[in-house]
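The structure under discussion appears below in the form of structure tokens.
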Ligand code: NAD
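Residue numbers (our numbering): 1 to 259.
Written out as structure tokens, the structure reads:
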């Protein structure tokens, strides 16, 4: 299926590793000119090199922290009017809400709610004027089924989800869609770091904890980031103009509900 994206432009945030990187690669394979943003220049450039080699796509890299106003300013000066925006940043740390002060909350809200909103605000009117735009926010399965120790994430991402639900109904008549992709357990560095903490706490080996988690998923495995990237590319496709305001779980069936 040709997704009708050749020659389109995209900003992908948090693109040096994991799910953001996979979204950048899937879009690049469809002929999208991608600007990849992440904090560490060496990791970012290595990722871009590999994606260029595999796809032949034109890729620019920008080593910025997208959660800062300065970082976003530089990013948007390189590509102020992308056709596609994929928002993403690392998730907040787990913990007990009694230990989180105002600064911890502001940091989480900045990274996982206000940064996507600022990026949407800066780009959506260009998309509306052009009558094409696709915005995908990488959030979390925890939006549908909150995880107790991830209170900062649950709170911040719920705020973004509510905001998107309202805006996505205003932009779709201009062929600008806004959707959220909700990852369950995907085999990325973040998942491994989280599991390392659990292994240490429970006195188990990493292999034991990883295997237990794989078996707990109906699919019997973790998600492959490439599967996530391809779902993102489809939501960005020309064909997906009637899908907006959705929260699409990609979790191997882990969420047990019908809706
Ligand atoms: P990851 O740690 O493997 O990769 C995160 C990427 O974002 C890296 O490229 C990192 O450099 C970049 N990044 C982080 N903070 C940034 C910032 N401030 N500015 C620019 N770039 C930044 O993480 P991942 O597994 O790909 O997860 C992506 C998102 O999905 C996170 O918000 C995470 O909480 C969420 N998530 C992941 C899983 C999973 O199983 N992997 C599950 C649920 C939710």
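Every residue gets a Cβ at the ideal spot worked out from N, C-alpha and C, and that includes glycine.
Nonlocal neighbours in the same chain, by C-beta distance under 8 Å from residue i, ignoring five residues either side
| i | result |
| --- | --- |
| residue 205 | 199 |
| residue 251 | 141, 182, 183, 184, 185, 217, 223 |
| residue 165 | 245 |
Supposed close pair residue i, residue j - CB separation, criterion 8 Å
| i | j | result |
| --- | --- | --- |
| residue 141 | residue 249 | 6 Å |
| residue 89 | residue 111 | 5 Å |
| residue 253 | residue 218 | 4 Å |
| residue 71 | residue 169 | Their Cβ separation, rounded to whole angstroms, is 30 Å, which puts residue 71 and residue 169 out of contact at 8 Å. |
| residue 138 | residue 20 | 7 Å |
| residue 113 | residue 156 | 5 Å |
| residue 60 | residue 78 | 6 Å |
| residue 17 | residue 91 | Not confirmed; about 13 Å, so no contact. |
| residue 3 | residue 25 | That pair is no contact at about 14 Å. |
| residue 149 | residue 94 | 4 Å |
7 Å CB neighbourhood of residue i in its chain, flanking five on each side removed
| i | result |
| --- | --- |
| residue 260 | Only positions 1 to 259 of the chain appear in this structure, which leaves residue 260 out of reach. |
| residue 161 | 139, 143, 180, 247 |
| residue 257 | none |
| residue 58 | 33 |
| residue 214 | 220, 221, 222 |
Local Cβ density within 10 Å of residue i, reported as buried at 16 or more and exposed below that
| i | result |
| --- | --- |
| residue 209 | buried |
| residue 80 | exposed |
| residue 27 | buried |
| residue 38 | buried |
| residue 135 | buried |
| residue 68 | exposed |
| residue 127 | buried |
| residue 1 | exposed |
| residue 42 | exposed |
| residue 221 | exposed |
| residue 196 | exposed |
| residue 230 | buried |
| residue 233 | buried |
| residue 66 | buried |
| residue 259 | exposed |
| residue 193 | exposed |
| residue 15 | buried |
Sequence-distant residues of its chain with Cβ nearer than 6 Å to residue i (five each side left out)
| i | result |
| --- | --- |
| residue 151 | 97 |
| residue 159 | 113 |
| residue 87 | 13, 116, 119, 137 |
* Please determine if the segment 173-182 and the segment 39-50 are in contact, where contact requires at least 3 C-beta pairs separated by less than 8 Å. => Flag = no, the segment 173-182 and the segment 39-50 do not touch.
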